[in-house]
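Numbering (my numbering), first residue to last: 1 to 258. Glycine included, C-beta positions come from ideal geometry on N, C-alpha and C. Here the structure is laid out as structure tokens; the discussion comes afterwards.
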């Protein structure tokens, strides 16, 4: 018998208030495939360029970055043909082998819940109580049950529905010059334990300090400074000759004869 989802509340009343924001560079770009109706209505499909942008944005939202080997070609084909919705495409990406090996296998259930809520619901977890509640779902229903519960929740359906790609909400914060830090920077893929096991971050210090010289200040060809090192490398020893006095000079012999 599966345990029901524990009750949890937002940490602040401001979370329930609808945000009023003015569009700017910090505003998230919303990708929607609302005009993808059915495979038979090809006239209502997105253009190939718009579909490519939507798929690329989905990989950035879920994986942060996807290599060629990480792409789900079959899911992309179904989305392009209109057989699945954006919500089903997001479900396929989260249940993929890449997401499982990158986030679930290398983190605890609590951290996996935190990162998945950020990517699917577009917000941070409210508190530790929410982490515990969803972690129980992961332990009892597995990853698929946890993902289905998130995608079928009222919060997801009201915010994104079937056709809007999840994005980080509340990027613009009131009385702040910049928005909230992106999830991929705030919550790295590996936690502290696995980062230590993998041996990073590594601090590598150079033995010599390199200085940068501007291009216009570098000596050009023929500059005497280029030969300074060569001149210093020459070990020239002075010739110790006895001093010569003017009284000892024989001027008659020194004058050449014709």
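Own chain, CB closer than 7 angstroms to residue i, minus 5 neighbours either side, in chain order
{"i": "residue 137", "result": "5, 145, 146 and 149"}
{"i": "residue 133", "result": "5, 6 and 8"}
{"i": "residue 66", "result": "59"}
{"i": "residue 61", "result": "119, 165, 166 and 167"}
{"i": "residue 182", "result": "168"}
{"i": "residue 51", "result": "80"}
Cβ distance (whole Å) where residue i is taken to contact residue j below 8 angstroms
{"i": "residue 33", "j": "residue 86", "result": "5 angstroms"}
{"i": "residue 104", "j": "residue 143", "result": "6 angstroms"}
{"i": "residue 98", "j": "residue 70", "result": "5 angstroms"}
{"i": "residue 91", "j": "residue 151", "result": "6 angstroms"}
{"i": "residue 187", "j": "residue 114", "result": "6 angstroms"}
Own chain partners of residue i with C-beta closer than 6 angstroms, once the 5 adjacent residues on each side are dropped
{"i": "residue 31", "result": "54, 57 and 165"}
{"i": "residue 110", "result": "131 and 135"}
{"i": "residue 79", "result": "89"}
{"i": "residue 162", "result": "85 and 87"}
{"i": "residue 125", "result": "114, 117 and 131"}
{"i": "residue 160", "result": "166"}
{"i": "residue 226", "result": "219"}
Closer than 8 angstroms: residue i CB and nearest the ligand SAM heavy atom
{"i": "residue 253", "result": "Ligands in the displayed structure: none, and consequently the ligand SAM is not present."}
Residue i: first and last residue of the uninterrupted alpha helix (DSSP H) it sits in
{"i": "residue 154", "result": "154 to 159"}
{"i": "residue 223", "result": "First-last for residue 223: undefined, no H or E at that position."}
{"i": "residue 50", "result": "48 to 62"}
{"i": "residue 67", "result": "Premise fails: residue 67 is in no alpha helix (DSSP H) and is neither H nor E."}
{"i": "residue 168", "result": "Looking at the DSSP string, residue 168 is not in any alpha helix (DSSP H), and its letter there is neither H nor E."}
{"i": "residue 241", "result": "Looking at the DSSP string, residue 241 is not in any alpha helix (DSSP H), and its letter there is neither H nor E."}
Local conformation of residue i per DSSP, three classes
{"i": "residue 147", "result": "helix"}
{"i": "residue 249", "result": "coil"}
{"i": "residue 37", "result": "A caution first: residue 37 carries a pLDDT of 37, below 50, which makes its placement in the model unreliable, though a value can still be read off. Reduced to three states, the DSSP call for residue 37 is coil."}
{"i": "residue 233", "result": "helix"}
{"i": "residue 84", "result": "coil"}
{"i": "residue 77", "result": "helix"}
Same chain only: Cβ atoms within 8 angstroms of residue i, ignoring 5 sequence neighbours per side
{"i": "residue 93", "result": "58, 59, 62, 63, 72, 75 and 99"}
{"i": "residue 155", "result": "121"}
{"i": "residue 245", "result": "none"}
{"i": "residue 240", "result": "none"}
Any chance you could list the alpha helix (DSSP H) runs of at least 4 consecutive residues sitting entirely within the segment 95 to 137, in chain order? 109 to 120
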